[in-house]
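Novice: Going letter by letter, the sequence shown gives residues 1040 to 1672 in the working numbering.
Just so you know, even glycine gets a beta-carbon here, dropped at the ideal spot from N, CA and C.
Take a look at the following structure, please.
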Amino acid sequence: MPSTHTDWINSPLAVVEEMFAASQNSPNSGWEAKVVEFFKEQLKEKDAHISVPSLNDVPLHYLKPNSLVKFRCLIQDMFDPEFYMGVYETVDASTKANVLRCGKYKDVTECGVDLNSSNTVTAERQTFYCVPVPGENPWLKESYASSSQARVVPSTSYVPSRQKRSYEDDDDDMDTQPQKQREPQSGPHSLIEQQGNSDCKRQETEAPSTQTASASHIDLNFPLPGEKGPSCLVKVYEDWESFKLNDTLEVYGILSVSPALSALADEKDASSSVLDPTESMETAEEQRVHSPPASLVPRLHMLYAKPLQHNNPLLPSFSLTDNSAFLSSTLSEMATIRAELLTYFTHVLLGDSLAAEYLILHLISSVYTRRDILPLGKFTLNLSGCPTVASYTERLYQIIQQLVPSSYYLGMSLQNMNQMRLVPKKDYVANRLVSGALQLARNTSLFLDETKLEQGQLDTTGVRNVTALGNLISWQKVDYDFNYHQMEFPCNINVLVVSEGRSLLPSDSQVHVQSHVAPPHMEEYLSSIHMHSPTSSQLNKLRIYLCVARLLDYSISDEVTKSVEDDFVDMRKDDPQSISAEDLHKMLVVARLLSLSLGQTSLSRDTWLKAKHIEAQRRSRMEQHKCVNGNEP
1040 MPSTHTDWIN
1050 SPLAVVEEMF
1060 AASQNSPNSG
1070 WEAKVVEFFK
1080 EQLKEKDAHI
1090 SVPSLNDVPL
1100 HYLKPNSLVK
1110 FRCLIQDMFD
1120 PEFYMGVYET
1130 VDASTKANVL
1140 RCGKYKDVTE
1150 CGVDLNSSNT
1160 VTAERQTFYC
1170 VPVPGENPWL
1180 KESYASSSQA
1190 RVVPSTSYVP
1200 SRQKRSYEDD
1210 DDDMDTQPQK
1220 QREPQSGPHS
1230 LIEQQGNSDC
1240 KRQETEAPST
1250 QTASASHIDL
1260 NFPLPGEKGP
1270 SCLVKVYEDW
1280 ESFKLNDTLE
1290 VYGILSVSPA
1300 LSALADEKDA
1310 SSSVLDPTES
1320 METAEEQRVH
1330 SPPASLVPRL
1340 HMLYAKPLQH
1350 NNPLLPSFSL
1360 TDNSAFLSST
1370 LSEMATIRAE
1380 LLTYFTHVLL
1390 GDSLAAEYLI
1400 LHLISSVYTR
1410 RDILPLGKFT
1420 LNLSGCPTVA
1430 SYTERLYQII
1440 QQLVPSSYYL
1450 GMSLQNMNQM
1460 RLVPKKDYVA
1470 NRLVSGALQL
1480 ARNTSLFLDE
1490 TKLEQGQLDT
1500 TGVRNVTALG
1510 NLISWQKVDY
1520 DFNYHQMEFP
1530 CNINVLVVSE
1540 GRSLLPSDSQ
1550 VHVQSHVAPP
1560 HMEEYLSSIH
1570 MHSPTSSQLN
1580 KLRIYLCVAR
1590 LLDYSISDEV
1600 TKSVEDDFVD
1610 MRKDDPQSIS
1620 AEDLHKMLVV
1630 ARLLSLSLGQ
1640 TSLSRDTWLK
1650 AKHIEAQRRS
1660 RMEQHKCVNG
1670 NEP
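This is the structure we're talking about:
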């Protein structure tokens, strides 16, 4: 059995073929499960996973076909199951002998298939349309790329083909590839693809020029505008029921970019029907969407997929509880790091330490469970009173962008609200889910800039978009549009709303920013914010801190629960109207987040008292602001 990195990473099909061949002598060997287990075990070896090239980091035309690659992605759509030849028989041209072949983890069969063989086995697989995790920030992508040990070098048996662009721009590979390799090579290229151990080699040329021309117009269906990177058709062979739409995964699979896949879209002959039995049942639009050119949308045959609890490369990829040394070291520093972050945010929020406290609590919030329809743990924050000078809100977003793994800035201008597609919609003609800007991965930071909303009329689309944002905030769900009905998809998105007055959107907490900077000095103050930015090492500590605080478990002891109940009774004694059950719930949410922000996994009496104190401060400030401004809350 191949055991070196070169063998199982560069030639995973050789491993599959070898196990398949061995199974012919023992029909009940369970060879398919053994294949998956083999690759799982190899990836458990120290640093083995970072030796596997990533579709996120390496341009597609530098990856070797039929090699093992990984892809950090979100399941954007799920296509109908497809049939393929799991086992088939070929006739050797020279000896005329029949040989059994394995069709698993492949898109193209060998030459000389015996269509009349009784040994042919048709199997079923599922196809997921996957895109890179929406809104991943530059620092995260750079960190993943720099930590990778995979070095992609041209193979003597593989010539990188530049006939179509797999990425919208290749800036990232310019620094890693020699100049000669970057230049497009003239003349047509051919690709020799050898499937397994077969003696029959299939030579395939580039797709027809008409298809190449149309390929550039293919919509890769990214949820967020301006996104770059590869989309991928992920072929899943077992347990596909365990995956859900919008799951974030790291998929390890066999890369398939055979030009024959692109040619199938144009060649409606008998051979294509053999390779794709369902082709005749698809409309032309379905065919275009479900079978795009492989050079733009590669196929990835899944061997193993790891659900991503987070996508922060600075943290262990597995559970924190499995890495006690990392966790204990981080917890010991959390109070200190929190103090540094509080100081930084206080400066960014114009000297307002209370707003800084609440911003920290917001950034570590996450839905941890649902009780009936209520999502528990969410903490949407409305920072009102934000200045509109010197692009303050954009600067604030850029600072948050430097700290969180994934984020998206949505300026709530009238044009955006009336024209953007926020809610995904089912396209029945193409039989696909057309993405929208609210199809985001869990724990994405959504920054809603309401200071951009000018006077004017919201049209039907605008009203629908504002309603969708309200439902997202209140219920952490998005109702996808299936034309004749809506389908509810739960989500877990951190929403921060910045506004001048109180937001027109709901929120879990509103803090009116109290500026300590005189208006004449505002421009100068804002332009100097970058001078107080943390260093690179400090930024990494803050990035780890925010992610770990969100992932910690939390509990309340019976003793503290009794103390909280007694406090609630005492607060209502003098004035029953002063605090309601809803206010108590808000204080408990603040207390939970305050505990986690300090690295505490259970609520202490001191933390409860501090939570009461800052909530009283916030409520008092809002009352004062209401009195001063009349109609303002």
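Examine the ligand SAM and report whether any of its heavy atoms sits within less than 6 Å of the Cβ of residue 1626.
Specialist: Only the bare structure without any ligand can be found here, which leaves the ligand SAM out of the picture.
Novice: Checking 7 Å against the spacing of the C-beta atoms, do residue 1455 and residue 1500 come in under that value?
Specialist: no
Novice: Would you call the region 1400–1414 and the region 1511–1521 touching, i.e. three or more CB-CB distances under 8 Å?
Specialist: yes
Novice: Could you check whether the region 1117–1125 touches the region 1170–1183, counting it as contact only if at least three pairs of C-beta atoms, one from each stretch, sit closer than 8 Å?
Specialist: They do not touch, by the three-pair rule.
Novice: Just mark residue 1263 as buried or exposed, buried being the case when its beta carbon has 16 or more other beta carbons within 10 Å.
Specialist: buried
Novice: With distance defined between alpha-carbon atoms, name the residue in 1662, 1666, 1353 nearest to residue 1576.
Specialist: 1353
Novice: What is the C-beta distance between residue 1294 and residue 1105, in whole angstroms, given that I count them as a contact (C-beta under 8 Å)?
Specialist: Contact holds; Cβ gap of about 7 Å.
Novice: Measure the alpha-carbon distance for residue 1161 versus residue 1152 and round it to whole angstroms.
Specialist: 14 Å
Novice: Locate the alpha helix (DSSP H) running through residue 1059, then write down its first and last residues.
Specialist: Where residue 1059 is concerned, the enclosing alpha helix (DSSP H) stretches over 1051–1062.
Novice: Rounded to whole angstroms, what's the CA-CA distance from residue 1426 to residue 1097? Just pull it up for me.
Specialist: 41 Å
Novice: Could you pull the start and end residues of the alpha helix (DSSP H) that residue 1158 belongs to?
Specialist: Run containing residue 1158: none; DSSP gives neither H nor E here.
Novice: Which residues in the same chain have their Cβ closer than 7 Å to the Cβ of residue 1218, if we skip the five residues on either side of it in sequence?
Specialist: Confidence in residue 1218 is poor, its pLDDT being 33 and thus under 50, which makes the residue's placement unreliable; the coordinate value appears in the next sentence. Around residue 1218: no qualifying Cβ.
Novice: On a CA-only basis, which of 1434, 1546, 1053 is nearest residue 1535? Give me that one, please.
Specialist: 1546
Novice: Between residue 1542 and residue 1491, how many whole angstroms is the CB-CB distance? I'm expecting something under 8 Å.
Specialist: About 12 Å separates the two Cβ atoms, so there is no contact after all.
Novice: Which class does residue 1346 belong to by DSSP, given the choice of helix, strand or coil?
Specialist: When secondary structure is reduced to three states using DSSP, residue 1346 falls in the strand class.
Novice: Cutting at 8 Å between CB atoms, please list the residues of its own chain near residue 1652, excluding the five before and the five after it.
Specialist: In its own chain, leaving out the 5 sequence neighbours on each side, no residue places its CB closer than 8 Å to the CB of residue 1652.
Novice: Using the Cβ count rule (16 or more neighbours within 10 Å means buried), how would you classify residue 1366?
Specialist: buried
Novice: Leaving out five residues before and five after residue 1179 in sequence, what residues of the same chain have Cβ atoms less than 8 Å from its Cβ?
Specialist: 1350, 1351, 1352, 1444, 1445
Novice: Could you please give the first and the last residue of the uninterrupted alpha helix (DSSP H) stretch that includes residue 1410?
Specialist: Not the alpha helix (DSSP H): residue 1410 falls in the beta strand (DSSP E), residues 1408–1410.
Novice: Could you spell out the range, first to last residue, of the alpha helix (DSSP H) harbouring residue 999?
Specialist: The structure shown does not extend to residue 999, since the chain spans only 1040 to 1672, so no value can be given for it.
Novice: Give the secondary structure of residue 1169 by DSSP, where H, G and I count as helix, E and B as strand, and everything else as coil.
Specialist: strand
Novice: From this set, 1280, 1626, 1643, 1091, which residue's C-alpha is nearest residue 1656's C-alpha?
Specialist: Selection 1280, 1626, 1643, 1091 evaluated against residue 1656 yields 1626 as nearest (Cα-Cα).
Novice: Given that a residue counts as buried once 16 or more other Cβ atoms are within 10 Å of its Cβ, and exposed if not, what is residue 1549?
Specialist: buried
Novice: Who does residue 1140 pair with in a DSSP beta bridge?
Specialist: 1127
Novice: Going by the DSSP bridge assignment, what does residue 1095 pair with across the sheet?
Specialist: Answer is none; residue 1095 lacks a bridge partner.
Novice: Of all the options 1388, 1347, 1136, which has the alpha carbon lying nearest to the alpha carbon of residue 1567?
Specialist: 1388
Novice: Quick one: residues in its chain with C-beta nearer than 6 Å to the C-beta of residue 1623, no 5 flanking neighbours on either side, listed in chain order?
Specialist: Counting only Cβ-Cβ distances below 6 Å, and skipping sequence neighbours, we find 1607.
Novice: Can you tell me which of the three DSSP states residue 1278 falls into?
Specialist: In the structure shown, residue 1278 sits in coil (DSSP, three-state: anything other than H, G, I, E or B).
Novice: For residue 1373, I'd like the list of residues in its chain whose CB is within less than 8 Å of its CB, leaving aside the five on either flank, ordered along the chain.
Specialist: 1584, 1587, 1588, 1636, 1637, 1638
Novice: If contact is defined by three or more beta carbon pairs under 8 Å, each pair taking one atom from either stretch, is the region 1339–1347 in contact with the region 1276–1293?
Specialist: Because the criterion of three Cβ pairs below 8 Å is met, the region 1276–1293 and the region 1339–1347 touch.
Novice: Suppose you measure from the CA of residue 1574 to the CA of residue 1644; what does that come to, to the nearest Å?
Specialist: If I take the Cα positions, the gap works out to 35 Å.
Novice: Please report the Cβ distance between residue 1323 and residue 1297, rounded to the nearest whole angstrom; I am assuming they are in contact, meaning their Cβ atoms lie under 8 Å.
Specialist: Incorrect: roughly 22 Å between the Cβ atoms, too far for contact.
Novice: For residue 1422 versus residue 1552, is the C-beta distance shorter than 7 Å?
Specialist: yes
Novice: Check the DSSP bridge columns for residue 1466 and list the partner residues they point to.
Specialist: 1471
Novice: Alpha carbon to alpha carbon, what distance is there between residue 1630 and residue 1647?
Specialist: 6 Å
Novice: Quick one: what's residue 1534 bridged to in DSSP?
Specialist: 1485
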